[in-house]
Each structure stands twice: as structure tokens, then as C-alpha cells.
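Engineer:
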Amino acid sequence: MFNHIMIGTNDIERSKAFYDAVLATLGAGGAMANAAPTGHKRLFYIHNGGVFAISEPIDDQPATVANGATIGFKCTSAEQVKTFHDVAVANGGVSIEDPPGLREGGMGSLHLSYVRDPDGNKLCAIYRP
907 MFNHIMIGTN
917 DIERSKAFYD
927 AVLATLGAGG
937 AMANAAPTGH
947 KRLFYIHNGG
957 VFAISEPIDD
967 QPATVANGAT
977 IGFKCTSAEQ
987 VKTFHDVAVA
997 NGGVSIEDPP
1007 GLREGGMGSL
1017 HLSYVRDPDG
1027 NKLCAIYRP
């Protein structure tokens, strides 16, 4: 359904350090650096057919987070969910909501963890057994 997800950042180098470490837990390689025609820096992570991108806002306004938005990253195991969380926190992210672990509910059994990246974007690591 999705081609890519792009978020804004107020510090591209801080975001690169964070996402290089966090997305490596999913098997993604390093970022492909790019510049928009306006000269704004962007980073593209390509993995398993998906693209996750980070950009300096091309309107020169501060990057902000979307209230109520969550970006979910698919994991291959419960352990990977926890590793994603722990690496995110070790690299400047903030743990939010319940600790990483199993959740039972209307969508069945899920292993989840939630963090905010250094810019405040809400990320979820999710594994469906």
C-alpha cells in the first residue's frame, strides 16, 4: 500500500546517527544521502521493498511531529522488538507507553515496543507471531 514514509528533522546528523543504529536492528543498511533541488539534506533507508526517509523541511520551517501519528516497523521476532527499543533508547530515543512485550487484545497477540526519536516522532516495533 505504501511507497515510502518521510519525516522531517531539525538535526539531520543526529537523525542519521539514531536511524543508522535503530534500523540496523531490522537489517537495513546505512542511509543513502541525497539533497533536494532546494539544497535541503535528505536520507533514504531502503529495505525489503520499503523506503523510510528523513528530510530537512524544504519550507525552512521547524520539523514537527504529527499528534496521534505512529510509524510502525515490522519485526521478525519478539527479541527484535526489544532490541529495536533498547538500541533506540541507547541512541537518544525515549521509551514511551508500556515496556516492550506481549500485548493481548482486539488484534490478537502482538509483541510491541514504543519510542520517540530525538525529534519526537513516535515509533513502534511490532511482531505478530
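Numbering (the numbering used here), first residue to last: 907 to 1035.
Glycine is no exception: its CB is placed at the ideal position from the N, C-alpha and C atoms.
Taking buried to mean at least 16 other C-beta atoms within 10 Å of its own C-beta, is P1005 buried or exposed?
Structural biologist: What you label residue 1005 is simply residue 99 of the sequence shown in a count that begins at 1. Its Cβ having fewer than 16 others within 10 Å, P1005 is exposed.
Engineer: Residues in its own chain within less than 7 Å of N940 by CB, not counting five upstream and five downstream?
Structural biologist: Indexing the sequence shown from 1 puts residue 940 at position 34. So the list reads R948 and F950, once near-sequence residues are dropped.
Engineer: Among A996, G914, N973 and D966, which has the Cα closest to the Cα of T944?
Structural biologist: The sequence position of residue 944 within the sequence shown is 38, counting from 1. The shortest Cα separation from T944 among A996, G914, N973 and D966 belongs to D966.
Engineer: What first and last residue would you give for the beta strand (DSSP E) that runs through R948?
Structural biologist: Residue numbering aside, residue 948 sits at position 42 when the sequence shown is read from its first letter. R948 -> beta strand (DSSP E) spans K947 to H953.
Engineer: Can you give the Cα-Cα distance for V971 and G935, rounded to whole angstroms?
Structural biologist: To locate residue 971, count along the sequence shown from 1; it is residue 65. To locate residue 935, count along the sequence shown from 1; it is residue 29. Computed Cα separation, rounded: 25 Å.
Engineer: G933 and H910 look like a contact to me (Cβ under 8 Å); what is the Cβ gap, rounded to whole Å?
Structural biologist: Counting from 1 along the sequence shown, the entry for residue 933 is found at position 27. Counting from 1 along the sequence shown, the entry for residue 910 is found at position 4. Between H910 and G933 the Cβ distance is about 18 Å, and since that is not below 8 Å, they are no contact.
Engineer: Return helix, strand or coil for A1080, following the three-state DSSP convention.
Structural biologist: Given a span of 907 to 1035 for the chain in the structure shown, any question on residue 1080 remains unanswerable.
Engineer: Leaving out five residues on either side along the sequence, give the residues of the same chain with a beta carbon under 7 Å from the beta carbon of A969.
Structural biologist: As a first step, residue 969 must be located in the sequence shown, where it is residue number 63. Here the set comprises G914, T915, N916, P963 and D1025.
Engineer: Would you say Y1033 and Q986 are within 8 Å of each other, going by their C-beta atoms?
Structural biologist: Within the sequence shown, residue 1033 is the residue found at index 127, counting from 1. Within the sequence shown, residue 986 is the residue found at index 80, counting from 1. Closer than 8 Å, so yes.
Engineer: Look up F908 in the DSSP assignment and say whether it is helix, strand or coil.
Structural biologist: Within the sequence shown, residue 908 is the residue found at index 2, counting from 1. Three-state DSSP puts F908 in coil, outside helix and strand.
Engineer: Kindly indicate which residue of A927, G1014 and T982 has the alpha-carbon position closest to the one of A996.
Structural biologist: In the sequence shown, residue 996 corresponds to position 90, counting from 1. Answer by Cα proximity: A927.
Engineer: Mapping the DSSP letters down to three states, classify I918 as helix, strand or coil.
Structural biologist: The sequence position of residue 918 within the sequence shown is 12, counting from 1. It is helical.
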